[in-house]
Amino acid sequence: MRLPDETRAFVGPRFKYLTHAFTRKFTEIAREMGAEEPSMMHSHIMGYLYWSEKEDIFQRDIEETFNITRSSVTGLVKLMEKKGYISRQSVEGDARLKKLTLTPLGRASCERTIAAMDQVESLAIQGLSEEQLQTFLSICDIIQENLTDKKECIHAKNHCVPDQGI
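Counting with this note's numbering, you get residues 97 to 262 for the letters of the sequence shown.
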C-alpha cells in the first residue's frame, strides 16, 4: 500500500542518514582518542574475541558467527595477525587447531573502540527520556522483524546488535 506523499514516512532515508551520522561521529571521536582504524570486520572480530575471552575461539567460530566463508576468515585472520591485533596459538592435542586471541595491541584497540562507541551512544540518546528510548528500540525491533526474511536470513541472530558490543 502506497501512502499519499504528504503522509509518507520515508523511513529508509532517515535510517541511512542516521547510520552515516553515527559512523561519521564515531570515526571523529575514535580518531580523537587515538584509536587505530581497523576495518569494520576486523573490529567486529576483535569485539567477538574481547567479549568471548574466557572461551577458546577458532576460525570456524568466526565463520559461523559472522556467516562468512573459510577463505575470507583465513584472509582476515592473516591480515589481523600481520597487523598485530591477534595471535594464533596451538592447542594441546591437535597442532593443526589454532585458537585466536587478542594481542595487547588488539585489546587496547578494542577498548578504545568501545570507549568511542560509548561516547557516540551517549551523544545519540541525549535529551531522550527512558520511555522515548525504549519506544525507539521497540520500533527498531518491529521494523527489523518486518524487513527480515526468515527463510533467507537464518544468520540474522549473529548480526551485531547493541547488546552484543562491537
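For each residue, glycine too, the CB sits at the ideal point set by N, CA and C.
None of the values given here were measured: they were computed from a predicted structure.
Which of helix, strand or coil does DSSP assign to residue i?
{"i": "Thr165", "result": "coil"}
{"i": "Ala105", "result": "coil"}
{"i": "Asp270", "result": "The displayed coordinates of the chain run from 97 to 262. Any statement about residue 270 would go beyond what the structure contains."}
{"i": "Thr123", "result": "helix"}
{"i": "Glu177", "result": "helix"}
{"i": "Ser139", "result": "helix"}
{"i": "Ser225", "result": "coil"}
{"i": "Ser148", "result": "coil"}
{"i": "Gly261", "result": "In this prediction, Gly261 has a pLDDT of 46, which is less than 50 and means its spatial position is unreliable; nothing more can be read from the coordinates."}
{"i": "Met129", "result": "coil"}
{"i": "Thr244", "result": "coil"}
Between the Cα of residue i and those of the options, spot the shortest distance and give me the residue it belongs to.
{"i": "Asp157", "options": "Asn242, Lys195 and Phe111", "result": "Lys195"}
{"i": "Glu217", "options": "Ser205, Val107 and Phe122", "result": "Phe122"}
{"i": "Gln185", "options": "Glu159, Asp152, Arg203 and Ser167", "result": "Asp152"}
{"i": "Leu198", "options": "Trp147, Asn242, Met137 and Gln228", "result": "Trp147"}
{"i": "Glu149", "options": "Ala105, Pro200 and Gln230", "result": "Pro200"}
{"i": "Met136", "options": "Leu114, Phe162, Tyr113 and Phe111", "result": "Phe162"}
{"i": "Glu207", "options": "Ala191, Tyr144 and Lys178", "result": "Tyr144"}
{"i": "Phe111", "options": "Lys174, Asn242 and Cys236", "result": "Cys236"}
Round the Cβ separation of residue i and residue j to the nearest angstrom and send it over; I've been treating them as touching at under 8 Å.
{"i": "Ser205", "j": "Met142", "result": "7 Å"}
{"i": "Ala220", "j": "Phe154", "result": "At roughly 35 Å, the Cβ-Cβ gap does not stay under 8 Å, so Ala220 and Phe154 are not in contact."}
{"i": "Val107", "j": "Ile238", "result": "Their Cβ separation, rounded to whole angstroms, is 11 Å, which puts Val107 and Ile238 out of contact at 8 Å."}
Based on DSSP bridge pairs, tell me the residues matched to residue i.
{"i": "His198", "result": "Sequence check: residue 198 is Leu here, not His. Per DSSP, Ile182."}
{"i": "Phe154", "result": "Lys195"}
Give every residue of the same chain whose Cβ lies closer than 7 Å to the Cβ of residue i, excluding the five residues on either side of it in the sequence, and list them in chain order.
{"i": "Ala212", "result": "Phe122, Ile125, Ala126, Met129 and Ala131"}
{"i": "Thr209", "result": "Ala126, Ala131, Ser139 and Ile262"}
{"i": "Gln215", "result": "Ile125"}
{"i": "Leu229", "result": "Ile221"}
{"i": "Leu114", "result": "none"}
Keeping to the same chain, check which residues put their C-beta closer than 8 Å to that of residue i; ignore five residues upstream and five downstream.
{"i": "Tyr181", "result": "Pro134, His138, Met142, Leu198, Thr199, Leu201, Gly202 and Ser205"}
{"i": "Thr165", "result": "Glu159"}
Just to check, is the beta-carbon of residue i closer than 7 Å to a non-hydrogen atom of the ligand GDP?
{"i": "Asp214", "result": "The ligand GDP is not among the ligands present in this structure, which contains no ligands whatsoever."}
Given residue i, which residues of its chain have a CB within under 6 Å of its CB, disregarding the five upstream and five downstream residues?
{"i": "Ser167", "result": "none"}
{"i": "Leu193", "result": "Val187"}
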